[in-house]
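**Q** Residue numbers (the working numbering), protein chains in the order written: chain A, 1 to 154; chain B, 1 to 154.
Glycine included, each C-beta is placed from N, C-alpha and C at the ideal position.
Here the structure is a predicted model, which is why all the values come from computation and not from measurement.
Dropping a structure here in structure tokens format, bear with me for questions.
2 protein chains.
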Amino acid sequence: MPLEIERKFLVKADFVPKNARAIPMVQAYLCADPQRTVRVRIAGNLAWLTVKGGLTGNSRPEFEYAIPAEEAREMMKLAVGFPVEKVRYEIWVNGKKWEVDIFEGMNQGLMLAEVELDTENESVTLPDWVGEEVSGDMRYHNSRLSEFPFTRWE
Amino acid sequence: MPLEIERKFLVKADFVPKNARAIPMVQAYLCADPQRTVRVRIAGNLAWLTVKGGLTGNSRPEFEYAIPAEEAREMMKLAVGFPVEKVRYEIWVNGKKWEVDIFEGMNQGLMLAEVELDTENESVTLPDWVGEEVSGDMRYHNSRLSEFPFTRWE
Chain A
1 MPLEIERKFL VKADFVPKNA RAIPMVQAYL CADPQRTVRV RIAGNLAWLT
51 VKGGLTGNSR PEFEYAIPAE EAREMMKLAV GFPVEKVRYE IWVNGKKWEV
101 DIFEGMNQGL MLAEVELDTE NESVTLPDWV GEEVSGDMRY HNSRLSEFPF
151 TRWE
Chain B
1 MPLEIERKFL VKADFVPKNA RAIPMVQAYL CADPQRTVRV RIAGNLAWLT
51 VKGGLTGNSR PEFEYAIPAE EAREMMKLAV GFPVEKVRYE IWVNGKKWEV
101 DIFEGMNQGL MLAEVELDTE NESVTLPDWV GEEVSGDMRY HNSRLSEFPF
151 TRWE
């Protein structure tokens, strides 16, 4: 079974993405249950339909399929919650790819960094621009940010 | 936008599928909301991930993607409700394909016939083995049959 193993961190406020490609994304959820999410993501003229299962440790099953962007746009009309808008920067640190998401729209002000691991116990070098780890914190799941966006947090 | 336009009928108890290919299917739902369903279907070694929107008249948006059967089997573990098991028979009547589903498992005893239309107002010849029309009746949606299966109806 395809597994996604990842750790997630807040990003320090003074972070500036240098020499990193900016990928604007919008994604929405057909299902945002903790035990199963169904995500539609559009980045430029590419799009994906992605099913993820519940989190066990830092791992969860993940199934991803490329789909036509036009169909993704139509499917987003069926979504629950708000669309999640962000710009993603891919940054390589010690041979490991970090994805830094700078959120916009309803989640403006939030910056998250994720790193995918090959195993649960893999050790990883933390770049100096990452802050608190929020791997297990459901509030920072993008599916949850769609329902309870950052700008509405207390 | 891809639209599914269909009418649905109960099938009379004395129906016998003659000269029709039997296609055993199992399907389960990652989401079974009336306004959006996400279905995983396996028929033999073929499988699909299908998103449908809510019903307007007899029409609903439908997006279907072929996926590896092995991934579909794994994804079914994330489903809500019961798996819906049935044998489908494809029967041609006056140039129109009817799909007759004879349900098994938790929906044993139920037989439904569906015909896909090109337009909402297309007239269609009803074969003599169809009974009451149940097109608008949510109880007969497969997504609903997954949550409230026929053998548990009062």
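Have a look at the DSSP bridge pairing and note the partners of A:GLU113.
**A** If you number the first sequence from 1, residue 113 of chain A lands on position 113. The residue asked about is misnamed: residue 113 of chain A is Ala in this sequence, not Glu. The partner list for A:ALA113 (beta bridge, DSSP) reads A:PHE9, A:VAL100.
**Q** If you measure from the beta carbon of B:GLU71 to each beta carbon in chain A, is any gap under 9 Å?
**A** On the second sequence, position 71 is the one that residue 71 of chain B refers to. Judged by the 9 Å Cβ criterion, B:GLU71 is in contact with chain A.
**Q** Please list, in chain order, the chain A residues whose beta carbon lies closer than 8 Å to that of B:TYR65.
**A** Position 65 of the second sequence, counted from the start, is the residue given in the question as residue 65 of chain B. The answer, in chain order, is LEU49, TYR65, ILE67.
**Q** Skipping 5 residues on each side, what residues in its chain have a beta carbon closer than 7 Å to that of A:TRP129?
**A** Position 129 of the first sequence holds residue 129 of chain A. These residues qualify, in order along the chain: VAL11, LYS12, PHE15.
**Q** According to a CB-to-CB cut-off of less than 8 Å, which residues of the stretch 71-91 of chain A neighbour chain B?
**A** Listed in sequence order: GLU71, GLU74, MET75, LYS77, LEU78, ALA79, VAL80.
**Q** Cα separation between A:GLY136 and A:LEU145?
**A** In the first sequence, the residue the question calls residue 136 of chain A occupies position 136. In the first sequence, the residue the question calls residue 145 of chain A occupies position 145. So the two alpha carbons sit approximately 14 Å from each other.
**Q** Can you confirm whether A:VAL124, when its beta carbon is compared against all beta carbons of chain B, has any partner nearer than 9 Å?
**A** Start at 1 with the first residue of the first sequence, and residue 124 of chain A comes out as number 124. No, no contact with chain B.
**Q** Under a three-way DSSP split, which group does B:MET138 fall into?
**A** Counted from its first residue, the second sequence places residue 138 of chain B at position 138. Note: B:MET138 maps to helix in three-state DSSP.
**Q** Between B:ARG21 and chain A, is the shortest Cβ-Cβ distance under 9 Å, so that the two count as touching?
**A** As a first step, residue 21 of chain B must be located in the second sequence, where it is residue number 21. False, the Cβ-Cβ gap to chain A never drops below 9 Å.
**Q** Pull up the distance between the alpha-carbon of B:THR50 and that of B:ARG39, whole angstroms please.
**A** What you label residue 50 of chain B is simply residue 50 of the second sequence in a count that begins at 1. What you label residue 39 of chain B is simply residue 39 of the second sequence in a count that begins at 1. Cα-Cα distance, rounded: 5 Å.
**Q** Residues of chain A with CB under 9 Å from B:GLY53, in chain order?
**A** Taking the second sequence and counting its residues from 1, one reaches residue 53 of chain B at position 53. What B:GLY53 touches in chain A: GLU74, MET75, LYS77, LEU78.
**Q** Nearest by alpha-carbon distance to B:ILE42: which of B:GLU6, B:MET75, B:GLY109 is it?
**A** Taking the second sequence and counting its residues from 1, one reaches residue 42 of chain B at position 42. Of the listed residues, the one whose Cα sits closest to B:ILE42 is B:MET75.
**Q** In or out: A:LYS18 buried (at least 16 other Cβ within 10 Å) or exposed?
**A** The residue labelled residue 18 of chain A in the question sits at position 18 within the first sequence. The residue is exposed, with fewer than 16 neighbouring Cβ atoms inside 10 Å.
**Q** In whole angstroms, what separates the C-alpha of B:GLU133 from that of A:PHE9?
**A** Along the second sequence, one-based indexing puts residue 133 of chain B at 133. Along the first sequence, one-based indexing puts residue 9 of chain A at 9. If you take the alpha carbons of B:GLU133 and A:PHE9, they lie about 55 Å apart.
**Q** Return the chain-ordered ranges of every alpha helix (DSSP H) run that is complete within the stretch 56-106 of chain B and spans a minimum of 4 residues.
**A** The qualifying runs are 69-76.
**Q** If you draw a straight line from the C-alpha of B:ALA113 to the C-alpha of B:CYS31, how long is it?
**A** Taking the first residue of the second sequence as position 1, residue 113 of chain B is located at position 113. Taking the first residue of the second sequence as position 1, residue 31 of chain B is located at position 31. If you take the alpha carbons of B:ALA113 and B:CYS31, they lie about 23 Å apart.
**Q** According to the neighbour-count rule (16 or more other Cβ atoms, all chains shown, within 10 Å of its Cβ), is B:ALA72 buried or exposed?
**A** Counting from one through the second sequence, the residue named residue 72 of chain B turns up at place 72. Under this definition B:ALA72 is a buried residue.
**Q** Is it buried or exposed for A:MET1, if we count other Cβ within 10 angstroms and need 16 for buried?
**A** For this step, residue 1 of chain A is matched to residue 1 along the first sequence. By the neighbour-count rule (16 or more Cβ atoms within 10 Å), A:MET1 is not buried but exposed.
**Q** Since B:PHE150 contacts B:ASN107 with CB under 8 Å, what's their CB separation in whole angstroms?
**A** Taking the first residue of the second sequence as position 1, residue 150 of chain B is located at position 150. Taking the first residue of the second sequence as position 1, residue 107 of chain B is located at position 107. That belief holds up - the Cβ atoms of B:PHE150 and B:ASN107 are roughly 4 Å apart, short of 8 Å.
**Q** Among the residues of its own chain, which have a CB less than 8 Å from the CB of B:GLY109, if the five just before and after it don't count?
**A** Working through the second sequence from its first residue, we reach residue 109 of chain B at position 109. Closer than 8 Å at Cβ, skipping near neighbours: PHE103, PHE150, THR151.
**Q** Report the neighbours of A:PRO61 on chain E: residues whose CB is nearer than 9 Å to its CB, in chain order.
**A** Here chain E cannot be found, since the structure's protein chains are A and B.
**Q** Please report the distance separating the alpha-carbon of A:ASP101 from that of B:ARG7.
**A** Within the first sequence, numbered from 1, the residue matching residue 101 of chain A stands at position 101. Within the second sequence, numbered from 1, the residue matching residue 7 of chain B stands at position 7. So the two alpha carbons sit approximately 45 Å from each other.
**Q** Excluding five sequence neighbours on each side, which residues of the same chain lie with their C-beta closer than 6 Å to the C-beta of B:TRP98?
**A** Within the second sequence, the letter at position 98 stands for residue 98 of chain B. For B:TRP98, where only same-chain residues beyond five positions count, the Cβ hits under 6 Å are ILE91, ALA113, VAL115.
**Q** What does the alpha-carbon distance come out to for the pair A:MET111 and A:GLU85?
**A** Position 111 of the first sequence, counting from 1, holds the residue named residue 111 of chain A. Position 85 of the first sequence, counting from 1, holds the residue named residue 85 of chain A. Using only the alpha carbons, I get a separation of about 12 Å.
**Q** Put B:ARG21 into one of helix, strand or coil per three-state DSSP.
**A** Residue 21 of chain B sits at position 21 when you count from the first residue of the second sequence. Here B:ARG21 sits in coil by DSSP.
**Q** Of the residues B:LYS52, B:PHE82, B:ALA22, B:PRO61, which one's Cα is nearest the Cα of B:GLY44?
**A** For the purposes of this step, residue 44 of chain B is identified with residue 44 of the second sequence, where counting begins at 1. Comparing Cα-Cα distances from B:GLY44 to each of B:LYS52, B:PHE82, B:ALA22, B:PRO61, the minimum goes to B:ALA22.
**Q** To which residues of the same chain is A:ILE67 closer than 6 Å at the C-beta, ignoring the five residues directly before and after it?
**A** Taking the first residue of the first sequence as 1, we reach residue 67 of chain A at position 67. Once the five neighbours on either side are set aside, the close Cβ partners of A:ILE67 are ALA47, LEU49.
**Q** Residues of chain B with CB closer than 7 Å to the CB of A:VAL38, please, in chain order.
**A** Working through the first sequence from its first residue, we reach residue 38 of chain A at position 38. Chain B residues near A:VAL38: LEU30, CYS31, VAL38.
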